[in-house]
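Numbering (my numbering), first residue to last: 1375 to 1683.
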Ligand SMILES: C[S@@+](CC[C@H](N)C(=O)[O-])C[C@H]1O[C@@H](n2cnc3c(N)ncnc32)[C@H](O)[C@@H]1O
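As structure tokens, then:
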């Protein structure tokens, strides 16, 4: 399925793009947002990052049609500062993070992100390296699996599911998404199974977060990104579940209360010399129209931070 960019106008407006500015799209995907950024750049420059090689290849073809004022980097976004240092860039005018997986990843039956296809349990955004969901499911202890499902999936039946995984893998390894879905379904009461939403959604979310170390990368990156903003520079983040949104909210709140020397470690609260502000007091969510056009936008939340000086 084609990726439909979420909160596209809201996030592009949120970046407040200057035609000669430097912008980072840390989650390139299929360049839906990058395309709009690049169109607005005249003397400016765009750096796009993605862990997924397909995203880099396909986005390059899309962006080549607009201009050559961009570079794409196949890397975890948490290393964005290394790329900036290599290019002698100290500050940027805007940074975008549109978190999670793209539709082409989710809908690709061989990637293992979706409980709707029977496929190997993989879930790596960069499928050239790193631990897979299969390795986690077949090697983590009962305690670790149960904590994982509870903490990253907010899954009520975390312990029961973990226990049934352990029992099943003593008979034979769990290899596929559908084998895991079966175990999850068997671990739930009829009452739980009748509830809205797929019964495997929370466990799949938890595994995906663990496989890609998503929350740690996000925390690390937000703290760095905030420090790289130029005066009037904007950090725009779209999150898709409460664990992500909590991290974004916390990272923004940490600095809007704080004094403004950029070399400070943000440890001196001050009410009158603020360096950063929230552009919108309330979180931005998709319009009724966007929700109708793209149901996948349902849980999206947009937050925007601006460096004042
Ligand atoms: C929701 S999609 C972005 C869609 C994009 N904004 C568009 O409109 O086409 C998220 C993308 O971020 C990438 N991604 C997720 N975590 C990443 C990380 N830590 N480093 C680099 N890319 C990451 C995924 O591979 C995926 O392609």
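Cβ coordinates follow ideal geometry from the N, Cα and C atoms, glycine included.
Keep in mind it's a predicted model, so treat the numbers as computed, not measured.
Straight-line measurement puts the Cα of residue 1558 at about 32 Å from the Cα of residue 1611. Ligand 1 has no heavy atom closer than 7 Å to the beta-carbon of residue 1503.
With 16 or more other Cβ atoms from the protein chains shown falling within 10 Å of its own Cβ, residue 1576 counts as buried. Per the C-alpha coordinates, the member of 1512, 1522 and 1416 positioned closest to residue 1542 is 1512.
Partner residues in the beta bridge of residue 1610, as assigned by DSSP, are 1470 and 1678. Under a 10 Å Cβ-count criterion, residue 1468 is classified as buried, with 16 or more other Cβ atoms of the shown protein chains found around its own Cβ. Around the beta-carbon of residue 1579, 16 or more other beta-carbon atoms lie within 10 Å, marking it buried. If you look at residue 1447, you'll find it in the beta strand (DSSP E) that goes 1444-1448. For residue 1453, there is no enclosing alpha helix (DSSP H), as DSSP marks it with neither H nor E.
The beta carbon of residue 1404 sits closer than 7 Å to at least one heavy atom of ligand 1. Between the segment 1588-1602 and the segment 1653-1671 there are fewer than three C-beta pairs closer than 8 Å, too few to call the two in contact.
Between residue 1404 and residue 1487, the C-beta spacing is not below 8 Å. In summary, residue 1545 is exposed, with fewer than 16 beta-carbon neighbours lying within 10 Å of its beta-carbon over all protein chains present. Classified as exposed, residue 1484 has fewer than 16 neighbouring CB atoms from the shown chains inside 10 Å of its CB. When secondary structure is reduced to three states using DSSP, residue 1480 falls in the helix class.
Counting only runs of 4 or more residues that sit fully inside the segment 1482-1556, the alpha helix (DSSP H) segments are 1507-1513, 1516-1527 and 1532-1545, in chain order. Straight-line spacing of the CA atoms in residue 1412 and residue 1433 works out to 12 Å.
Across the set 1598, 1587, 1564 and 1494, the C-alpha of 1494 shows the shortest separation from the C-alpha of residue 1554.
Residue 1651 is bridged by DSSP to 1680.
Under the 8 Å Cβ criterion, the segment 1467-1481 counts as touching the segment 1390-1401, having at least three qualifying pairs. Here the alpha carbon of residue 1677 sits roughly 11 Å from the alpha carbon of residue 1620. At least 8 Å separates the beta-carbon of residue 1499 from that of residue 1446. Secondary structure of residue 1399 (DSSP, three-state): strand.
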